[in-house]
Structures are given as C-alpha cells and as structure tokens.
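The structure appears right after this line, and notes come after that.
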Amino acid sequence: MLKLLNAYRRVAFEFRDYRPARVTLASIDEWLAQHERTDRALLLDLLRHVRYVGEVEARRALVDQNKAILGQLQRAGVPYKKVIYVQVHDAGSSSPVMLNELRDAAQLIQRGCNFVDSKDVAGIARLTERLGDGAIIYVDDFIGSGHQMIGARNHMMQYAIGSFSEFALAVCICEEGAYDLTKLGVEPRARYIHARADRPLHELGTVFDAAKKQRLIDLCAAIDKKGGLGYEQMATMVVLYRNAPNTCPRILRGSQGQSPMKGLFPRTTDLPVSD
Amino acid sequence: MLTRRLRAVDDQTASVVPSGRLLQLRPDQLKPNPNNPRRLFDPEPLRELKENIRQHGVLVPITVYQLKAQEKFAILDGERRYKCCVELQDEGLQIRIPANVVEQPTKVAGLLYMFSIHNFREQWELMPVAYSLRVVMRELGEDNAIKLSKLTGLGAKQIERCKKLLDFPEEFQQLSLDPDPTQRIPANFWIELHPVLALYEQHLPDVVEELGRNGITNRMVEKYRSGGVKSVIHFRRILEAFEINEEQKSTLVNTLRRYVAEPALETREAFDGFLAPKRGRIQNAIKACEGFIEQLEKARLDFATEDRQTLIAKLNHVRNYVISLVDRLEGGDAADDENTS
C-alpha cells in the first residue's frame with residue numbers, strides 16, 4: 598500500500614506542471630480506477646516510461662542546443678545578423694511559444710537575429726534576398742514524424758533566395774523525423790532523440806514482454822480503434838508541459854472529449870468544450 | 030551555353046568559381062537544393078538514368094558547394110543523378126558520386142544556375158519562378174523579356190507571365206503563397222485576370238475611379254472564392270466577347286459593370302450569351318486547319334524545287350503565326366488547377 602502511495606506521489610510530483618490538465622494524486626487515482634484492477638500495475642509501469650519535460654527543462658534544452666548551433670555558425674563565419682529563426686505556425690503548434698521563450702532567454706533580438714513565420718513566404722523571400730546567405734533555424738518543442746515541419750519548410754524554401762544552412766531545433770525529435778529532416782539537409786538538434794526502441798508500445802519497442810505490450814495496445818485500441826497508438830502509430834512517450842504530442846498513445850491521452858475514458862495527459866484538443 | 034549566359038552578366042555578381050576539388054561523396058553527404066524549381070521529374074528518363082548508374086556508376090560529376098557550418102554539400106547541378114543514387118542506396122547499393130566542388134555561389138549566380146540547368150520548365154511552379162526572376166531583374170537592372178530569356182533560358186512568354194504576376198501588389202501575391210493548397214489562389218488566376226482589369230480601365234474608368242484597380246481585383250477574388258469564377262480560363266470568355274462583338278459594345282460594357290457589382294453573377298452566365306451566335310467561327314477555324322493540311326499533303330511538296338524559297342518563307346510565316354496563336358490559346362501552367370467545379 599505504502600509502495601503504491603509512493604508511486605502515486607512520485608508520478609504526481611514529476612508531472613506537476615502539465616498544463617492542459619493538472620496531474621494530482623486524485624487524477625492519477627481517477628485515471629487508474631477506469632481500468633481493470635489487474636491492469637493498474639501495468640499502467641503505473643507504463644508511466645515510468647513517460648519522458649516528461651517540464652517548463653524549466655524545455656527552456657534549458659532549447660537554450661543549450663541553440664547556443665551550440667550559434668557557436669558552430671560563428672566558427673564558420675556566419676554572424677548573428679545572418680541567422681533566421683522560423684516558427685512553424687499551425688493551429689495548436691507550440692512553435693511560436695517556444696521561439697518566443699528562446700528569443701528572450703537567449704537574447705536573440707539584442708544579437709541582431711531575424712525572425713519569420715513559415716507562412717510569411719513573401720517575408721522569407723525578402724529577408725533571404727537581403728541576407729544572401731546564412732542559416733535558418735526552425736524551432737519547435739517536439740518533432741514527431743516531421744511531416745508538419747517538412748511541409749512548411751519545403752513550401753517556404755521554394756522562395757528562399759541564396760544559400761542557407763538549415764537546422765531544426767527542438768526539445769525532442771523522434772527518430773523518424775530526424776531521419777527525414779537529415780535527408781533534406783536540415784540538421785536536427787535536440788536534447789533528446791526519441792528512438793523507436795524506447796517506446797514500449799511501438800512495433801519495434803522491446804521494453805515490455807509481448808503479453809504486457811499487447812494488453813496495453815488493446816487498451817489503446819479500445820479507446821480509438823485506428824489511432825490508439827497516436828499519429829502514424831508512433832506511440833511516442835514524450836510529454837511536454839504545454840501539451841502531449843498527437844503521437845502519444847490514447848491510453849495516456851484518453852478519449853476525444855475525455856469521455857468515456859479520461860486521460861492523464863489529455864491534449865488541449867482532447868479536452869471537452871466548456872460552456 | 031551556361032558559361033556564355035553567365036559571361037553575359039557582370040562577372041562579379043554571377044560567376045560560379047571552381048575550387049579545384051573533385052570529391053567522391055555518398056548520397057547522404059549531399060543536400061538537394063530546396064529552391065530547385067524543377068520539383069517534378071519525368072519518371073521514365075529517371076528510371077533509365079538509374080539503371081545506367083546501377084551498371085556504370087555516375088560518370089558525369091555533379092556540381093556542389095560546401096554549406097557553412099554544415100558537413101553536407103548543397104547540390105547546384107545534378108539533382109536527378111542524386112535522386113537516382115538515393116534510390117539505389119535504399120536498395121542496398123554502396124554508391125559514390127563524383128562531385129566538382131565550387132565556391133558558394135552569389136545570389137544571382139545561384140539563380141541563373143538553377144534557371145539554366147533545368148530545362149523542363151513547363152513543370153515549374155510559376156510563383157517561385159516569378160520571385161526568383163524578380164531578384165535577377167533587380168540585381169541585374171534588366172527587365173527586357175528577350176534579354177532575360179537569354180539569361181535564364183525561360184521563354185519570353187513565361188517571362189511575360191511572371192511579370193504580370195509581379196505586377197499585382199504583394200497583398201494579392203500573398204494569396205498565391207498560402208502553404209495550404211486549398212486556400213491558395215492559383216497563379217494563373219492573376220495572369221488571366223490581368224487583361225480583364227485592362228478592359229475595366231479601358232471601358233469603365235468610372236468603376237476604376239470608384240473601386241480602384243485593387244478594389245476590382247478584390248471583388249474578383251471574392252467572386253472566385255464564392256464560385257462565381259468556376260475556372261480561371263473563363264476570364265478569356267470576357268476578352269473573347271469584347272473581341273468579336275463590336276456591334277454590341279455598349280451591352281457588353283454594361284455586363285462588365287454588372288459583373289463586378291454582382292458577386293453572384295457567374296462568368297459564363299454573364300458572357301456566354303455574347304459568344305453563342307459566333308460559335309461557328311471556331312468550327313470554321315478547325316475546318317480550315319484540316320483543309321490546309323489536306324491541301325498541302327495533296328500537293329506532295331516534299332521534293333518541290335520550283336519557288337522553293339517562297340514556299341519556305343510562307344510556311345515559316347504560317348508556323349510563326351500558329352506558334353504564337355497556340356501560345357495564346359494554351360496559357361496555363363500544369364501546376365495550376367483550373368478549378369472546374
């Protein structure tokens with residue numbers, strides 16, 4: 598009993614600043630209570646594999662990686678004023694928020710860096726034409742499949758004039774996204790590269806034995822038959838303080854609208870619409 | 030050819046400087062050029078090239094430059110060979126690509142390189158081409174279509190189309206830059222609208238005075254979005270109606286006035302009535318084409334000697350006329366949807 602209580606406390610403490618829904622002893626209890634008694638230990642075990650990134654860690658990760666990129670650019674003779682930071686702007690995207698935080702924490706304005714939204718294609722054309730060469734850094738908190746970022750990047754880069762090195766800066770980048778970005782010549786830079794093998798419910802995950810893994814996959818499928826393991830079946834286990842990615846399994850996020858199944862880490866778009 | 034083009038402009042701004050290095054690179058050491066306007070590759074020649082590379086390797090070196098602060102080399106020339114090598118590598122073949130390393134090109138040199146080495150230009154999307162062309166025009170202070178055609182290898186007609194696009198204020202260009210293709214106004218919309226705006230300026234100066242050119246453009250955008258312009262090619266029906274209906278000019282002008290004033294008035298609904306009685310002329314033209322070829326074939330001219338020079342001159346005259354007419358009739362980019370609903 599005491600062991601279980603300690604596990605609850607540890608979980609509640611670790612996830613304390615999750616924004617879309619507060620994680621408390623009561624919410625953990627409520628989440629577990631929805632499931633069969635026999636599954637609860639397994640679910641708590643799954644929680645141990647969640648890679649949670651709180652606000653402070655997220656900011657530090659971005660600032661540190663950014664510092665490394667800027668250092669690399671300086672050594673190659675690329676001055677700050679030739680660096681363009683890009684926010685990949687889409688509904689619900691964390692990119693603008695992350696870029697704002699990085700901008701202030703790393704004093705990017707004072708350094709003379711440039712900022713642009715990936716949708717502002719004319720702005721990108723103007724800015725790159727003026728600079729001629731330099732570096733472009735795409736910023737986000739999490740890059741999963743990379744589809745969203747790559748789509749935005751490919752569209753805007755048709756209009757870029759000149760020669761620019763490209764970097765994708767995020768707190769966490771999944772192996773799949775990192776691979777596709779690298780193929781395009783965009784260098785992925787993150788505190789944590791989320792490998793497929795590290796994801797207990799991923800096809801290639803080896804964290805749990807086959808029976809436990811299948812039981813958890815079934816629980817996800819019971820909530821969402823097709824998308825139980827998240828976008829593209831990626832089954833990622835990273836949860837950021839601002840939101841859980843859409844690649845996160847449904848067992849952690851709960852049902853759309855949080856009914857009939859509540860999640861411990863619902864995405865903002867999973868929450869019911871309040872009156 | 031390219032060297033000649035590059036020589037045609039100031040060496041300081043446009044030359045690509047070889048570094049004297051020839052490297053053997055793996056495909057993963059290369060970065061495809063993100064603003065390569067040639068985004069669609071013809072699959073059949075690509076397959077042939079791939080098989081050729083599988084058997085003999087890459088025989089002609091690609092051209093690359095080293096990106097600043099990155100280990101990769103950006104491709105200036107050799108995108109197709111690179112694409113084939115990536116596929117061969119994915120199939121498990123260990124492959125090296127010979128690469129001539131040049132210095133990082135200047136803006137204009139990079140653009141002219143891109144324009145000159147990619148010759149399937151009909152596949153290019155028009156907006157990025159127009160934006161790149163604007164830089165070339167600005168940097169070189171050149172806006173003569175023929176000179177620009179010589180520099181870039183783009184057809185003079187395509188340059189004119191780009192210039193029409195760039196003629197619209199940026200607020201309108203932005204509508205064709207939307208990353209979401211369902212929201213994007215096709216580049217052709219502006220090109221087809223351009224002469225219609227000229228009609229307003231010519232026949233309805235009071236409307237232009239009242240709404241402004243941008244105001245009329247805005248109304249046309251609204252009309253397009255609400256389905257009042259079912260296909261951008263339908264703007265030509267307005268021009269056609271004006272061209273062939275001299276006697277009904279005042280009725281036509283009134284219809285043109287209604288067309289901008291009434292958002293729900295659809296293009297064909299408004300102007301097809303002026304075209305219907307004259308439809309026979311198209312059939313006549315089709316018959317004339319058929320008859321012309323038939324007569325020439327009948328005359329068996331392959332070995333004609335008498336008046337040969339005059340005949341050649343006349344045929345050239347016909348050819349030039351036909352090419353220019355076909356150009357005018359075709360218009361349109363493969364990449365731009367016609368929005369036929």
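Read top to bottom, the protein sequences are chains A and B.
According to the working numbering, the first sequence holds residues 598 to 872 in order.
According to the working numbering, the second sequence holds residues 30 to 370 in order.
Yeah, the Cβ is synthetic: ideal placement off N, Cα and C, and Gly gets one too.
None of these values were measured; they are calculated from a predicted model.
Residues near residue i in its chain [Cβ-Cβ closer than 6 Å; skip 5 each side]
i, result
"L162 (chain B)", "C191"
"A722 (chain A)", "Y756"
"A832 (chain A)", "R796, L798, H799, L826 and P846"
"K60 (chain B)", "K101 and A103"
"L96 (chain B)", "A103"
"V718 (chain A)", "M753 and Y756"
"M249 (chain B)", "L222"
"L31 (chain B)", "Interpretation of L31 (chain B) is limited by its pLDDT of 48, a score under 50 that renders its predicted location unreliable; the figure taken from the coordinates is listed afterwards. The answer, listed in chain order, is S145."
"G759 (chain A)", "T725, G729 and D730"
Chain B contact residues for residue i, given Cβ-Cβ distances below 9 Å
i, result
"Y756 (chain A)", "N64, M156, P157, Y160, S161 and L206"
"Q669 (chain A)", "A98 and Q99"
"A665 (chain A)", "Within 9 Å Cβ-Cβ: nothing; A665 (chain A) doesn't reach chain B, min ~11 Å."
Bridge-paired residues (DSSP) for residue i
i, result
"A787 (chain A)", "A:A767"
"L52 (chain B)", "B:A128"
"F739 (chain A)", "A:C769"
"N349 (chain B)", "N349 (chain B) pairs with nothing; no bridge assigned."
"N243 (chain B)", "Per DSSP, none; premise fails for N243 (chain B)."
"I315 (chain B)", "Looking at the DSSP assignment, I315 (chain B) forms no beta bridge with any residue, so it has no partner."
"L837 (chain A)", "A:V650 and A:N840"
"A732 (chain A)", "A:V680 and A:S762"
"K939 (chain A)", "With chain A covering only 598 through 872, there is no way to say anything about residue 939 (chain A)."
7 Å Cβ shell around residue i - same chain, five flanking residues per side excluded
i, result
"N274 (chain B)", "L281 and F303"
"D356 (chain B)", "K186"
"Y838 (chain A)", "D614, Y615, R616, V650, G651, E652 and A655"
"G731 (chain A)", "V675, K679, V680, I681 and F761"
Residue i in three-state terms, based on DSSP
i, result
"P127 (chain B)", "strand"
"F300 (chain B)", "helix"
"F149 (chain B)", "Residue placement at F149 (chain B) cannot be trusted, given a pLDDT of 41 that sits under 50; what the coordinates show is reported in the next sentence. It is coil, neither helix nor strand."
"N81 (chain B)", "helix"
"G825 (chain A)", "coil"
"S624 (chain A)", "helix"
"I214 (chain B)", "coil"
"Q649 (chain A)", "The residue asked about is misnamed: residue 649 (chain A) is Tyr in this sequence, not Gln. Looking at Y649 (chain A) - three-state DSSP - the assignment turns out to be strand."
"I758 (chain A)", "coil"
"G854 (chain A)", "helix"
"Q99 (chain B)", "coil"
"N711 (chain A)", "strand"
"T92 (chain B)", "strand"
"R656 (chain A)", "helix"
8 Å Cβ cut-off: residues of chain B touching residue i
i, result
"A623 (chain A)", "Per Cβ cutoff of 8 Å: no residues; A623 (chain A) is ~42 Å from chain B at best."
"G709 (chain A)", "Ordered by position in chain B, no residue passes the 8 Å Cβ test against G709 (chain A), which lies about 17 Å from the chain."
"V620 (chain A)", "Here the premise fails: no neighbours, minimum Cβ distance about 35 Å."
"G743 (chain A)", "Here the premise fails: no neighbours, minimum Cβ distance about 15 Å."
"L781 (chain A)", "K60, P61 and P63"
Heavy atom of the ligand GTP within 7 Å of residue i beta-carbon
i, result
"Q853 (chain A)", "As far as ligands go, the structure on display features none, and thus does not contain the ligand GTP."
Contacting residues, own chain, Cβ-Cβ under 8 Å from residue i (five flanking each side not counted)
i, result
"L228 (chain B)", "I267, L268, F271 and L285"
"L801 (chain A)", "R793 and A794"
"Y111 (chain B)", "P56, L59, P61, I91, I104 and I126"
"A37 (chain B)", "With a pLDDT of only 48 at A37 (chain B), under 50, the local geometry of the prediction cannot be trusted, and no value is derived from it."
From the options, residue whose alpha carbon lies closest to that of residue i
i, options, result
"R750 (chain A)", "A:E763, A:G759 and A:A792", "A:E763"
"C113 (chain B)", "B:R242, B:K79 and B:Q123", "B:K79"
"I733 (chain A)", "A:E829, A:F712 and A:A658", "A:F712"
"Q28 (chain B)", "A:T779, A:R864 and A:Y789", "With chain B represented from 30 up to 370, any question about residue 28 (chain B) goes unanswered, as that position is not in the structure."
"K136 (chain B)", "B:L105, B:V115, B:Q118 and B:E200", "B:L105"
"N843 (chain A)", "A:Y735, A:L816, A:G824 and A:E627", "A:G824"
"L204 (chain B)", "B:Q53, B:M156 and B:E73", "B:M156"
"P292 (chain B)", "B:G256, B:E132 and B:T181", "B:G256"
"D738 (chain A)", "A:L622, A:L659, A:G729 and A:V783", "A:L659"
"Q662 (chain A)", "A:V736, A:S871 and A:E627", "A:V736"
Beta-carbon neighbours of residue i, restricted to chain A and to distances below 7 Å
i, result
"Q202 (chain B)", "A719"
"Q133 (chain B)", "D730 and S760"
"V164 (chain B)", "E726 and I758"
"E199 (chain B)", "A719"
Chain B residues whose Cβ lies nearer than 7 Å to that of residue i
i, result
"H752 (chain A)", "P208"
"E891 (chain A)", "What the structure shows of chain A is the stretch from 598 to 872, and residue 891 (chain A) is not part of that stretch, so it cannot be assessed."
"A722 (chain A)", "Y160"
"K716 (chain A)", "P208"
Chain-ordered neighbours of residue i on chain A, where CB pairs are closer than 9 Å
i, result
"E251 (chain B)", "What E251 (chain B) touches in chain A: nothing, since even the nearest Cβ is about 21 Å away."
"K112 (chain B)", "The contacting residues do not exist; K112 (chain B) stays about 11 Å from chain A at best."
Chain-ordered chain D contacts of residue i [CB-CB under 7 Å]
i, result
"G674 (chain A)", "Protein chains in the displayed structure are A and B, and chain D is not among them."
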